[in-house]
Amino acid sequence: GENVEQHPSTLSVQEGDSAVIKCTYSDSASNYFPWYKQELGKGPQLIIDIRSNVGEKKDQRIAVTLNKTAKHFSLHITETQPEDSAVYFCVVGGNQFYFGTGTSLTVIP
Amino acid sequence: GAVVSQHPSWVICKSGTSVKIECRSLDFQATTMFWYRQFPKQSLMLMATSNEGSKATYEQGVEKDKFLINHASLTLSTLTVTSAHPEDSSFYICSASTDYQPQHFGDGTRLSIL
């Protein structure tokens, strides 16, 4: 199966700074890479996704970059706000989703 | 769009009882639904995948007689935890998708077995 590694496991940033979370995967056939945000007591919410034929995608303050050759992808959050505090999961997908181990992001006001 | 509703959000019951959790896609038809289990401060663990009208496919180590899954329609799947025991206490989350990508998640069910 797929092996997904996610770093860091915890991340604290000052409000307004940027946050970057990275994931690596093992199966070069994987073609779909979504990111989910999970708040306490809630289910994961899709925040952005990218497919293997694209190198970068941006949606307002959130961007994802994909390097298929190196088999890694990253989530970038700019101008962080306290409401960005949550656990973020990278996912490597095809017909099945393989979740990363999660990053607990804390944005300090 | 792509709203998934899960019910109940929290249930407490005595050991030995069976508990049914519902997962509904409210504004789209879900050809595939997934059931996950999540322990505190851990990632999601896939339990099973179900396609409408077919038997669920269970992940290795998941007891299919313990966790009964029914996907009777394109908008509803149910997970029944049979003869629940304290070790079954967990956060159960469903997701629904059309053609597998993306998956849209419900808000989970916190199950506590006394």
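Note that the protein sequences, when read in sequence, are chains A and B.
Per the working numbering, the very first residue in the first sequence carries number 16; after that it's consecutive.
Per the working numbering, the very first residue in the second sequence carries number 1253; after that it's consecutive.
We treat Cβ as the ideally placed atom computed from N, Cα and C, and that holds for glycine.
In the pairwise beta carbon analysis, the segment 1255–1267 of chain B is classified as not touching the segment 40–47 of chain A: fewer than three pairs are separated by under 8 Å. Apart from the 5 residues on each side of it in sequence, I63 of chain A sits with its Cβ closer than 8 Å to the Cβ of P49, W50, K72, D74, I77, A78, V79, L90 in its chain, given in chain order. For L1298 of chain B, the enclosing beta strand (DSSP E) stretches over residues 1296–1303. In terms of beta-carbon proximity, K37 of chain A stays away from the interface with chain B, with every pair separated by 8 Å or more. Shown here, P1338 of chain B sits in a helix according to DSSP, grouped into three states. Per DSSP, the continuous beta strand (DSSP E) segment holding F114 of chain A begins and ends at 112–114. By the Cβ criterion, the segment 89–109 of chain A is not in contact with the segment 1313–1325 of chain B, since fewer than three pairs of Cβ atoms, one from each stretch, lie closer than 8 Å. Around the beta carbon of P1292 of chain B, fewer than 16 other beta carbons lie within 10 angstroms, which makes this residue exposed. Around the beta carbon of R66 of chain A, fewer than 16 other beta carbons lie within 10 angstroms, which makes this residue exposed.
A straight-line Cα-Cα distance of about 21 Å links F88 of chain A and T121 of chain A.
Within the same chain, and ignoring the five residues on either side of D32 of chain A in sequence, the residues whose Cβ sits closer than 7 Å to its Cβ are T95.
Two segments are said to touch when three or more pairs of C-beta atoms, one from each, lie closer than 8 Å; by this definition the segment 1254–1262 of chain B does not touch the segment 1301–1318 of chain B.
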